[in-house]
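Enquirer: A single structure is presented below for examination.
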Amino acid sequence: MHTILVTGGAGFIGSNFIRHLREKHPTSRILNVDSLTYAGNLENLQAFEQDPLYVFRKVDIRDRPAIDELFTLFEIDDVVHFAAESHVDRSILEPELFLSTNILGTQVLLDVAMCHWKRYPDDKYSREYREDVCFVHVSTDEVYGSLGETGLFTEHTPLAPNSPYSASKAGSDLLVRSYHETYGLPIKITRCSNNYGPYQFPEKLIPLMVHRCMTDQSLPVYGDGGQVRDWLHVEDHCEAIDLVRQNGRVGEVYNIGGHNEKTNLELVRMILQSFDRSDECIHFVKDRPGHDRRYAIDATKMKDELGWVPRYSFEQGLEETIEWYRTHPEWIERIVSGAYRTYERDMYSSVE
Ligand code: NAD
Ligand code: DAU
Numbered sequence: 081m082h083t084i085l086v087t088g089g090a091g092f093i094g095s096n097f098i099r100h101l102r103e104k105h106p107t108s109r110i111l112n113v114d115s116l117t118y119a120g121n122l123e124n125l126q127a128f129e130q131d132p133l134y135v136f137r138k139v140d141i142r143d144r145p146a147i148d149e150l151f152t153l154f155e156i157d158d159v160v161h162f163a164a165e166s167h168v169d170r171s172i173l174e175p176e177l178f179l180s181t182n183i184l185g186t187q188v189l190l191d192v193a194m195c196h197w198k199r200y201p202d203d204k205y206s207r208e209y210r211e212d213v214c215f216v217h218v219s220t221d222e223v224y225g226s227l228g229e230t231g232l233f234t235e236h237t238p239l240a241p242n243s244p245y246s247a248s249k250a251g252s253d254l255l256v257r258s259y260h261e262t263y264g265l266p267i268k269i270t271r272c273s274n275n276y277g278p279y280q281f282p283e284k285l286i287p288l289m290v291h292r293c294m295t296d297q298s299l300p301v302y303g304d305g306g307q308v309r310d311w312l313h314v315e316d317h318c319e320a321i322d323l324v325r326q327n328g329r330v331g332e333v334y335n336i337g338g339h340n341e342k343t344n345l346e347l348v349r350m351i352l353q354s355f356d357r358s359d360e361c362i363h364f365v366k367d368r369p370g371h372d373r374r375y376a377i378d379a380t381k382m383k384d385e386l387g388w389v390p391r392y393s394f395e396q397g398l399e400e401t402i403e404w405y406r407t408h409p410e411w412i413e414r415i416v417s418g419a420y421r422t423y424e425r426d427m428y429s430s431v432e
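Counting with this note's numbering, you get residues 81 to 432 for the letters of the sequence shown.
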């Protein structure tokens with residue numbers, strides 16, 4: 081049975097990716113490994129609880145013996161590695177956690193995958209692996225740092241991360257590359273721009289602003305709101321990652337982006353409009369330290385090599401996303417109140 085290990089599958093993109101895999105590859109088994117930090121929410125995956133080809137294990141990726149045991153038990157064929165601390169603002173307050181999870185956690189996964197996938201595990205210098213295995217590392221466009229007013233990030237743009245989060249992602253990204261160069265491990269790296277869509281934790285710009293509109297609060301915009309992000313619908317991202325997993329070239333980096341540049345102020349105004357609220361609700365607050373001014377991705381390689389282009393227009397994607405949050409108020413409310421954490425406890429008591 082073909083088994084795909086998804087790390088961080090209880091988070092925003094990971095849970096959307098599991099939904100994508102279930103639909104596109106109904107005969108593959110999915111092992112979701114997530115330690116359920118504040119960002120992990122098993123309610124995102126309620127639909128799969130009875131699915132015999134979906135397995136969840138609450139494990140920290142830094143726990144080497146536990147990860148090793150899972151590779152033995154489940155005979156993993158592919159790894160798609162999402163698990164990370166992902167929020168820039170938190171990395172400014174707690175950098176150590178980001179280095180630990182994002183770099184050392186990735187190293188544990190690489191080591192264990194290498195050990196289990198090697199044809200001759202006792203031969204330290206052997207570069208031969210089982211056929212048809214691959215490790216997909218989900219990196220980010222933030223590793224490139226910040227752009228000026230023109231130009232796009234290509235796969236050849238030098239890495240110049242500016243926050244502890246992006247530095248930790250650059251560290252893991254380069255570590256993954258090094259396991260390919262040094263040990264021949266079959267890896268692929270994706271670097272994507274800002275995602276939006278259902279199930280995004282409401283600390284991130286779009287769900288935060290939507291929730292604040294839904295609850296008649298002001299909208300906090302950092303600095304002058306002129307920072308530019310290149311928005312991509314999460315389903316387009318999931319499709320791109322899955323294509324890289326199946327058809328991408330080993331050892332390669334693929335940029336993924338939406339050609340959807342918007343300043344934060346433009347975006348916040350679009351959200352306000354959809355709630356019939358005025359610009360007066362915007363509240364300019366102190367800027368994020370080291371705030372990157374502009375991200376924009378050149379995704380030509382994805383198009384030319386893998387035939388991928390985004391399906392969603394931003395207008396359609398944003399409207400559907402706002403509608404999803406509006407029609408699932410309990411999903412956000414349970415996060416805001418902390419009740420989503422009890423779901424995890426209830427799940428376990430019903431299993432044990
Ligand atoms: P998220 O914060 O919503 O989810 C992260 C998940 O990882 C959570 O379920 C959390 O419980 C889990 N996790 C954290 N530490 C763990 C650990 N030590 N062991 C096991 N699980 C752990 O993040 P997201 O927005 O879904 O992002 C997923 C990945 O995609 C990250 O690697 C991020 O850097 C990358 N990425 C995100 C975006 C974006 O716009 N959100 C864009 C490009 C790349
Ligand atoms: O580019 C990909 C990255 O996108 C991912 O690697 C990260 O994991 C993901 O969190 C995201 O990072 P950003 O920092 O761009 O996302 P965030 O939603 O935190 O902020 C988007 C922009 O909005 C950024 O310029 C900061 C601004 N902002 C954010 C918040 C939360 C505000 O102006 N006000 C806010 O309250």
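Every residue gets a Cβ at the ideal spot worked out from N, C-alpha and C, and that includes glycine.
Using DSSP with H/G/I as helix, E/B as strand and the rest coil, what is residue 301?
Expert: Numbered from 1 along the sequence shown, position 221 holds the residue referred to as residue 301. Residue state, collapsed to three classes: strand.
Enquirer: Helix, strand or coil for residue 242, going by three-state DSSP, please let me know.
Expert: Your numbering for residue 242 matches position 162 in the sequence shown. Three-state DSSP puts residue 242 in coil, outside helix and strand.
Enquirer: DSSP on residue 371, reduced to helix/strand/coil?
Expert: The residue given as residue 371 occupies position 291 in the sequence shown. In this structure, residue 371 counts as coil in the three-state DSSP scheme.
Enquirer: Quick check on residue 140: does DSSP put it in helix, strand or coil?
Expert: To locate residue 140, count along the sequence shown from 1; it is residue 60. Three-state DSSP puts residue 140 in coil, outside helix and strand.
Enquirer: Looking only at its own chain, which residues have a Cβ that is under 6 Å from the Cβ of residue 386, when we skip the five neighbours before and after it?
Expert: On the sequence shown, position 306 is the one that residue 386 refers to. Within the same chain, residue 386 has close Cβ partners 323, 327.
Enquirer: For the alpha helix (DSSP H) containing residue 170, name the first residue and the last one.
Expert: Within the sequence shown, residue 170 is the residue found at index 90, counting from 1. Per DSSP, residue 170 belongs to the alpha helix (DSSP H) from 168–173.
Enquirer: Do you know how far the Cα of residue 215 is from the Cα of residue 133?
Expert: Counting from 1 along the sequence shown, the entry for residue 133 is found at position 53. Counting from 1 along the sequence shown, the entry for residue 215 is found at position 135. Looking at the two C-alpha atoms, the distance is approximately 20 Å.
Enquirer: Look at the alpha carbon of residue 398 and the alpha carbon of residue 290, and state the distance between them as a whole number of angstroms.
Expert: Counting from one through the sequence shown, the residue named residue 398 turns up at place 318. Counting from one through the sequence shown, the residue named residue 290 turns up at place 210. Those two C-alpha atoms are separated by around 11 Å.
Enquirer: Is residue 121 close to ligand 2? I mean its beta-carbon at under 7 Å from any heavy atom of the ligand.
Expert: Position 41 of the sequence shown, counted from the first residue, corresponds to residue 121. No, since every heavy atom of ligand 2 falls outside the 7 Å radius drawn around the Cβ of residue 121.
Enquirer: If residue 258 and residue 222 are in contact, beta carbons under 8 Å, what's the gap, nearest whole angstrom?
Expert: Against the sequence shown, residue 258 aligns to sequence position 178. Against the sequence shown, residue 222 aligns to sequence position 142. Contact flag wrong, Cβ pair sits at about 20 Å.
Enquirer: Short check: CB of residue 152 to CB of residue 111, under 8 Å?
Expert: Numbered from its first residue, the sequence shown carries residue 152 at position 72. Numbered from its first residue, the sequence shown carries residue 111 at position 31. Cβ distance not < 8 Å, so residue 152 and residue 111 don't count as in contact.
Enquirer: Kindly indicate which three-state DSSP category residue 362 falls into: helix, strand or coil?
Expert: Within the sequence shown, numbered from 1, the residue matching residue 362 stands at position 282. Three-state DSSP puts residue 362 in a strand.
Enquirer: Three or more beta-carbon pairs under 8 Å between the region 303–314 and the region 329–342, yes or no?
Expert: Yes: the two stretches touch, three or more of their Cβ pairs being nearer than 8 Å.
Enquirer: What residue from 394, 380, 393, 115 has the CA that sits closest to residue 236's CA?
Expert: Within the sequence shown, numbered from 1, the residue matching residue 236 stands at position 156. Per the Cα distances, 380.
Enquirer: Span of the beta strand (DSSP E) holding residue 217?
Expert: The sequence position of residue 217 within the sequence shown is 137, counting from 1. First-last of the beta strand (DSSP E) with residue 217: 214–220.
Enquirer: At 4 residues or longer, and completely inside the region 298–341: list those alpha helix (DSSP H) runs for me, N to C.
Expert: Here the runs fully enclosed are 314–327.
Enquirer: Using a Cβ-based criterion (distance less than 7 Å to any ligand heavy atom), does residue 322 qualify as near ligand 1?
Expert: Working through the sequence shown from its first residue, we reach residue 322 at position 242. Because no heavy atom of ligand 1 lies under 7 Å away, the Cβ of residue 322 does not count as near it: no.
Enquirer: Alpha carbons only, please: which of 396, 413, 186, 349 is nearest the one belonging to residue 143?
Expert: Mapped onto the sequence shown, residue 143 falls at position 63. That would be 186, whose Cα lies nearest to the Cα of residue 143.
Enquirer: Any heavy atom of ligand 3 inside 7 Å of the beta-carbon of residue 91?
Expert: Judged by which ligands are present, ligand 3 is missing from the structure shown, whose ligands are ligand 1 and ligand 2.
Enquirer: Rounded to whole angstroms, what's the CA-CA distance from residue 432 to residue 394? Just pull it up for me.
Expert: Indexing the sequence shown from 1 puts residue 432 at position 352. Indexing the sequence shown from 1 puts residue 394 at position 314. The pLDDT assigned to residue 432 is 38, lower than 50, so where the model puts this residue is not dependable, and the model offers no usable value.
Enquirer: By DSSP, does residue 431 sit in helix, in strand, or in coil?
Expert: Counting from 1 along the sequence shown, the entry for residue 431 is found at position 351. Legend: pLDDT at residue 431 = 44, less than 50; position of this residue unreliable, value from coordinates given subsequently. If DSSP states are grouped into helix, strand and coil, residue 431 belongs with the helices.
Enquirer: Going by Cα to Cα distance, which pick from 352, 126, 162 is closest to residue 300?
Expert: On the sequence shown, residue 300 is found 220 positions in, with the first residue counted as 1. The shortest Cα separation from residue 300 among 352, 126, 162 belongs to 352.
Enquirer: Return the chain-ordered list of same chain residues with a C-beta closer than 6 Å to the C-beta of residue 430, the five sequence neighbours on each side being excluded.
Expert: Residue mapping note: residue 430 aligns to position 350 of the sequence shown, counting from 1. Here the model assigns residue 430 a pLDDT of 49, short of 50, so the residue's position is not dependable and the matter cannot be decided.
Enquirer: How big is the Cα-Cα spacing for residue 392 and residue 182?
Expert: Reading the sequence shown from its first residue, position 312 is the one you call residue 392. Reading the sequence shown from its first residue, position 102 is the one you call residue 182. Each residue's alpha carbon lies about 30 Å from the other.
Enquirer: Can you find the residues in the same chain that come closer than 6 Å, C-beta to C-beta, to residue 330, ignoring five residues on each side of it along the sequence?
Expert: One-based indexing of the sequence shown puts residue 330 at position 250. Contacts found: 266.
Enquirer: Could you check the C-alpha separation between residue 348 and residue 197 for me, to the nearest Å?
Expert: By 1-based counting over the sequence shown, the position of residue 348 is 268. By 1-based counting over the sequence shown, the position of residue 197 is 117. About 47 Å.
Enquirer: Can you pull the DSSP bridge partners for residue 349?
Expert: Reading the sequence shown from its first residue, position 269 is the one you call residue 349. None, per the DSSP bridge assignment.
Enquirer: In the DSSP assignment, the beta strand (DSSP E) including residue 84 goes from what residue to what residue?
Expert: Locating residue 84 in the sequence shown gives position 4, counting from the first residue. Residue 84 -> beta strand (DSSP E) spans 83–87.
Enquirer: Just how far apart, CA to CA, sit residue 234 and residue 252?
Expert: Start at 1 with the first residue of the sequence shown, and residue 234 comes out as number 154. Start at 1 with the first residue of the sequence shown, and residue 252 comes out as number 172. Taking the straight line joining both Cα atoms gives about 19 Å.
Enquirer: Any idea which residues DSSP pairs residue 161 with across the strands?
Expert: The residue you call residue 161 lines up with position 81 of the sequence shown. According to DSSP, residue 161 bridges with 87, 217.
Enquirer: Residue 121 by DSSP, collapsed to three states: which one?
Expert: Here residue 121 refers to the residue found at position 41 when the sequence shown is read from its first residue. Residue state, collapsed to three classes: coil.
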